[in-house]
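Trainee:
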Amino acid sequence: MARDEQIYFQTREVLKELITPGTYNPGAILVVSCSISRVEGRREDTTGDPHLAAVICRAIWEFCPPEIQIAVQCCEHLNRALIVERELMVEKGLVEVSVIPVPEAGGTFAAVAYQHFFKNPVVVESITADLGIDIGLTMIGMHLKPVVKPLLLANEYIGGARIVAARTRPKLIGGARAKYPGQ
């Protein structure tokens, strides 16, 4: 199997495990972060192959159901700001920041997503997401709702990058007398 096909397939498999019916509500936000250099098996903080970034983006955009909204996290050079559709920014009252992600500041994955996969992209300061995929261990936790539930994935790699995926759930409140869904 060619490298591109393998990366596309691995990305789709992670998404299949994360986005299963009944594990999210319509309008859920999926935050995705990706170090292309880590996918290539190199160290983080180096510019990666834009073609490979496009392969991963294509897998995400083709697999995600339309009721899931995608937020792509930029790298630490942009304070982990996120790319979203303008409509989502307005709907959620998010704070827009003035920057265009490029491979050297934002990361290759974010730059490719911004240029080719969003219809009306804006960059926002932060978001509170329901689901997350962290390709290359780039730290998405700051953008997930509490309480985060990591998934134990069948395949924990896309290319050379380790993957962490998570869903969130509402906080459990109450005490000994409280009842929770599923009890």
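Residue numbering for the sequence shown follows numbering that gives the first Met the number 0, starting at 0 and increasing by one per position. Don't be surprised by glycine CBs; every beta carbon is placed ideally from N, CA and C.
Give, in chain order, every unbroken run of the alpha helix (DSSP H) that is at least 4 residues long and sits entirely within the segment 67-130.
Mentor: 85-91, 107-115
Trainee: Could you tell me which of G159, A160, G135, Y179 sits nearest to R168, measuring between CA atoms?
Mentor: Y179
Trainee: Between which two residues does the alpha helix (DSSP H) containing I55 stretch?
Mentor: 49-62
Trainee: Spell out the partners DSSP gives D38 in its beta bridges.
Mentor: Contrary to the premise, residue 38 reads as Val rather than Asp in this sequence. In DSSP, V38 forms no bridge with anything.
Trainee: If we ignore side chains and look at the alpha-carbon of each, how far apart do I38 and R57 end up?
Mentor: Note that residue 38 corresponds to Val in the displayed sequence, not to Ile. When rounded, the distance between both Cα atoms is 15 Å.
Trainee: With burial defined as no fewer than 16 other Cβ atoms inside 10 Å of the residue's Cβ, what is the status of I172: buried or exposed?
Mentor: exposed
Trainee: Give every residue of the same chain whose Cβ lies closer than 8 Å to the Cβ of Q68, excluding the five residues on either side of it in the sequence, and list them in chain order.
Mentor: G26, A27, I28, L29, V83, E84, L87
Trainee: Which partner residues does L14 have in the DSSP bridge list?
Mentor: Paired residues: none, contrary to the question.
Trainee: Note down the Cα distance separating R41 from Q182, rounded to an integer number of angstroms.
Mentor: R41 and Q182: Cα-Cα distance of roughly 46 Å.
Trainee: Contact between the segment 2-15 and the segment 137-155: three or more CB pairs below 8 Å?
Mentor: yes
Trainee: Mapping DSSP to helix, strand and coil, what is Y156?
Mentor: In the structure shown, Y156 sits in a strand (DSSP, three-state: E or B).
Trainee: Taking the alpha-carbon positions, what's the I139 to M0 distance?
Mentor: 30 Å
Trainee: When the distance is taken between beta carbons, is H142 closer than 8 Å to A128?
Mentor: Cβ atoms of A128 and H142: closer than 8 Å.
Trainee: Closest by CA to R79, which one among G21, I55, S32?
Mentor: S32
Trainee: Tell me the rounded alpha-carbon separation between H115 and P145.
Mentor: Taking the straight line joining both Cα atoms gives about 31 Å.
Trainee: Measuring CA to CA, which of Y23, V71, P20, F8 is closest to D133?
Mentor: V71
Trainee: Using a Cβ-Cβ cut-off of 7 Å (strictly less than) and excluding sequence neighbours within five positions of V111, which residues of its own chain qualify?
Mentor: P49, A52, A53, C56
Trainee: May I ask you to report which of helix, strand or coil DSSP gives R166?
Mentor: Assignment of R166 by DSSP, reduced to helix, strand and coil, places it in the strand class.
Trainee: Apart from the five residues on each side of it in sequence, which residues of its chain come closer than 6 Å, Cβ to Cβ, to P100?
Mentor: C73, A109, A110, Y113
Trainee: Taking the C-alpha atoms as reference points, what is the distance between S34 and G47?
Mentor: 8 Å
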